[in-house]
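K.L.:
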Amino acid sequence: MGSLAVVLVLALCGFGYAYYISHDLNRVQVSGLSTNTLVGAEAGSENILMVGSTSRCALKVQNPAYGLCSQGVTGVNSDVIMILHANPTTHQLAVLSIPRDLFVPNARAEGANKIDAGLYEGITQVVTAVQDDLGIPIAHAVSVNFDQFANIVDALGGINMSFPVSLFDRESGLNVQAASCVHLNGIQALQVVRARHLQYKTATSGSSAGNWPQENLSDLARIRRNHEFLRVLGSTVAKNGLGNPLSDLSLINSVKSDVTFDQSWSVNDMVNLVLSFHTVNVASVPQLTFPVSVVLDPNGPSGDYLYQGGNYGQVAFPSQQTGQAAINAVLGINNTVNPMSGAPLPAASSINLAVLNGTGVANQATTTGSAFQALGFHVTSLGDTHAVGSVSETVVYYGSHSPEVVAAAEKVLHSITGAVVMGYNPSLVAKGSTITVVTGSQFGVIQPSSAPKAQTAVPTHTSNVPTSSSAIGTPSSVTTSNASWDPRACTPGSKPTAPVPNRI
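Each position in the sequence shown, counted from 1, maps to that position plus 17 in the numbering used here.
1. State yes or no: is the C-beta of residue 344 within less than 8 Å of the C-beta of residue 113?
2. In this structure, how does DSSP classify residue 5 when only helix, strand and coil are distinguished?
3. For residue 132, count neighbouring Cβ atoms within 10 angstroms of its own Cβ and tell me buried if that reaches 16, exposed if not.
4. Can you give me the start and stop residues for the alpha helix (DSSP H) that residue 240 sits inside?
5. Classify residue 144 as helix, strand or coil using the three-state DSSP reduction.
6. With 16 other CB atoms within 10 Å as the buried threshold, where does residue 477 fall?
7. May I ask you to report which of helix, strand or coil DSSP gives residue 509?
8. Can you tell me whether residue 284 is buried or exposed? The criterion is at least 16 other CB atoms within 10 Å of its CB, across all chains shown.
9. Can you say whether residue 60 is buried or exposed, counting buried as having 16 or more other CB atoms within 10 angstroms of its CB?
10. Which residues in the same chain have their Cβ closer than 6 Å to the Cβ of residue 490, if we skip the five residues on either side of it in sequence?
11. Could you tell me the distance, in whole angstroms, from the CA atom of residue 329 to the CA atom of residue 256?
12. Classify residue 153 as helix, strand or coil using the three-state DSSP reduction.
13. At 3 residues or longer, and completely inside the stretch 178-219: list those beta strand (DSSP E) runs for me, N to C.
14. In the structure shown, what three-state DSSP assignment does residue 320 receive?
15. By the three-class DSSP mapping on this structure, what secondary structure does residue 514 have?
16. Just to confirm before moving on: does the CB-CB distance between residue 197 and residue 508 stay below 8 Å?
17. Would you mind sorting residue 107 into buried or exposed? The rule is 16 or more other CB atoms within 10 Å of its CB.
18. Rounding to the nearest angstrom, what Cα-Cα distance links residue 49 and residue 145 in this structure?
19. Look at the alpha carbon of residue 165 and the alpha carbon of residue 276, and state the distance between them as a whole number of angstroms.
20. Where does residue 114 fall in DSSP's three states?
21. Going by beta carbon distance, what residues of the same chain come within less than 8 Å of residue 383, once the five residues before and after it are set aside?
22. Please decide whether residue 496 counts as near chain D, where near means a Cβ-Cβ distance under 8 Å.
23. Report back the beta-carbon spacing between residue 453 and residue 373 to the nearest angstrom; my notes put them in contact at under 8 Å.
24. Under three-state DSSP, which class holds residue 487?
25. Quick check: what's the CA-CA separation for residue 520 versus residue 159?
26. Quick one: what's residue 423 bridged to in DSSP?
27. Going by DSSP, name the residue or residues bridged to residue 411.
28. Would DSSP call residue 132 helix, strand or coil?
29. Helix, strand or coil, according to DSSP, for residue 503 in the structure here?
30. Looking only at its chain, what residues have a beta carbon closer than 7 Å to the beta carbon of residue 57, apart from the 5 residues adjacent to it on each side?
31. With a cut-off of 8 Å on the beta carbons, I'd call residue 375 and residue 404 a contact; round off their distance for me.
32. Fully enclosed by the stretch 352-410, which beta strand (DSSP E) runs are 3 residues long or longer?
33. Could you give the DSSP three-state label for residue 169: helix, strand or coil?
34. Helix, strand or coil: which one does DSSP assign to residue 314?
35. What three-state label does DSSP hand residue 60 in the structure shown?
36. I'd like to know if the stretch 440-460 and the stretch 401-418 are in contact, where contact means that at least 3 CB-CB pairs between them fall below 8 Å.
If you want it as C-alpha cells, here you go:
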C-alpha cells in the first residue's frame, strides 16, 4: 500500500541521489513484463503493478500481531493489488485497484483461482494474471510486506487520520476510539489498511466493541479505505518538505530497503518517470476499483465457490463492460483500442470464433454463435464442454500472446456483457479458430444496433442470448465515497492525539 508513495518519494528526491539510492535496493526477478512499445494515446505511458504481500515467513522479525510463521500462518497472498498508470505526455496519473477475490483463469500457473493466490508462486504470476486475464500491460512491479509498510510509515514520522466513530477489527488489530485527529505509527497504520472485518460504533450499539454492527463489504470496503489512506499518505509525503538534502537522504535511507522492485526498473528511469509528476497532487489522482460481483454458490458449503471439484471459498466474478470501462478510464483509451498495445482492434469479420456451451443450457452454443455472427464474427464451430461448476464465468480463450491474437480476444471481450473474462490457454482454443468462447452462467452478446459507447460506465444496450444466475450478485461500484465510519484526513489545524483503544 505504501509502494506508490515510496516511488513518489524516491523520484521527488531528484537525480542527484540516483547513485546513492541505487545501492541496497531490494530486487526480484520478474518475467513477462511488457516493453514500452505502446502506440496511440498510450504511447510513452507505463503501468506499475503494486502488491502488498501477506507473507509472515518472509518477515525478518516475527511479530505476533501479524500471526507467526512458526505457528502455521504460512499463507502468501496479495491483500492489495493496485495498478498505477503514468502518462508523461499528458502528465496524468490514475490508480486501479483489483479486488483480491476476483476469480480469473490464470491466477496460478496451474489454472484458475482468486487473483490474490498468484503471489504464492511469485510476483511474476500476479503480472501474468493481470496481463493475460485483464489485458493490462505491466511495465514494472513493486511489492511491500507488513514490516516494510510499517517501516515506511514510521520513516515519514507516522500519519494523522480522523476517526468519525469508534472502530474495531479483531483480525487486523484495529481498535481506536472516535477522535478528530489521531496520530498513527506504522503498525497502527497497517491495522487501518488491513481491516476488512470492521465493526463500528453506532448511537445505539453500546460501549462494548464486540456488540457493534459488522461492515458487510469486506475487501471492497477495505479498498475504499485504502484509497483514502493513500491520499493521506501522499499529503504526508508532500509535507515532509522534499528538496532538503539532509531530510531527503534521511528519508531515502529509511525506506529504500523496504520496497522490492523488479530487476529491470533502473533508478534513472524511476526518477525520470515520476519527476514528470512532481507537481501532481496525489489527493487528486483518480482511484478506481475494478467492479466485481460476489458469488454465492448454491452447491457450496456456506455459499463457498466450487470449481472443478475444489472449494475456493468466497469469490467474485468480473463485471463486463463496467470493468472494461474502468480499465479504459485509467489507461485513457476507449473500446476501439487494444489496451495491450494501444493499436486499434481488428474488425469482427477477421476473427475466427468457436463457441462452446459451458453450462449445459439447451442450445446455448447455437444461439450465442448466431448472436456473434450478427456482429460480423466468423463463427467456425459450435459445441459443448464440461461444466466447471454450477456457477461459472464466460471465458474468452486465446492461444497466443501475439499482438494480433490478443487484439482479437479483446474485440470479442468487448462484444459481451456480464460475468466475462479473458484467459490465455492454447489447449482450449478450437482447431481452425483464433478465439474460443466458453459460455457461463451470466452473460449476453451485444446487439448490433446498440453497441456501447466508448468508456460508458453503465451499459445502456440490450443483449442477445442473455443468461442469469441468482448466485451472482450486483456489480460493485467503480468509484465510492467514504462511509460515515471510515477514517479520513484530519481537518486543517486539528491537533493529533495518541489512539485510545475501545473497551472489548
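Cβ atoms here follow ideal geometry from the backbone N, Cα and C, with glycine treated the same way.
P.N.:
According to the structure data:
1. In this structure, residue 113 lies closer than 8 Å to residue 344 by Cβ.
2. In this structure the chain extends from 18 to 521, so residue 5 is not present and cannot be described.
3. buried
4. Residue 240: member of the alpha helix (DSSP H) spanning 235-256, first to last residue.
5. helix
6. In this prediction, residue 477 scores a pLDDT of 40, lower than 50, which makes its location untrustworthy; the coordinate-derived value is nonetheless stated afterwards. Exposed: under 16 other Cβ atoms inside 10 Å.
7. coil
8. So residue 284 counts as buried.
9. It counts as exposed.
10. 310, 311
11. Inter-residue distance for residue 329 and residue 256 is about 44 Å (C-alpha atoms, whole angstroms).
12. coil
13. Unbroken beta strand (DSSP E) runs of no fewer than 3 residues, entirely contained in the stretch 178-219, are found at 184-186, 191-193, 196-201, following chain order.
14. helix
15. strand
16. yes
17. Classification of residue 107: exposed, given that the 10 Å Cβ count is below 16.
18. 7 Å
19. 7 Å
20. strand
21. 399
22. The structure shown has no chain D; it contains just one protein chain.
23. 6 Å
24. coil
25. 38 Å
26. Residue pairing for residue 423: DSSP places it in no beta bridge.
27. Beta bridge pairing from DSSP links residue 411 with 437.
28. The answer is helix: DSSP assigns residue 132 an H, G or I state.
29. coil
30. 354, 359, 360
31. 6 Å
32. 369-374, 395-401
33. helix
34. coil
35. coil
36. yes
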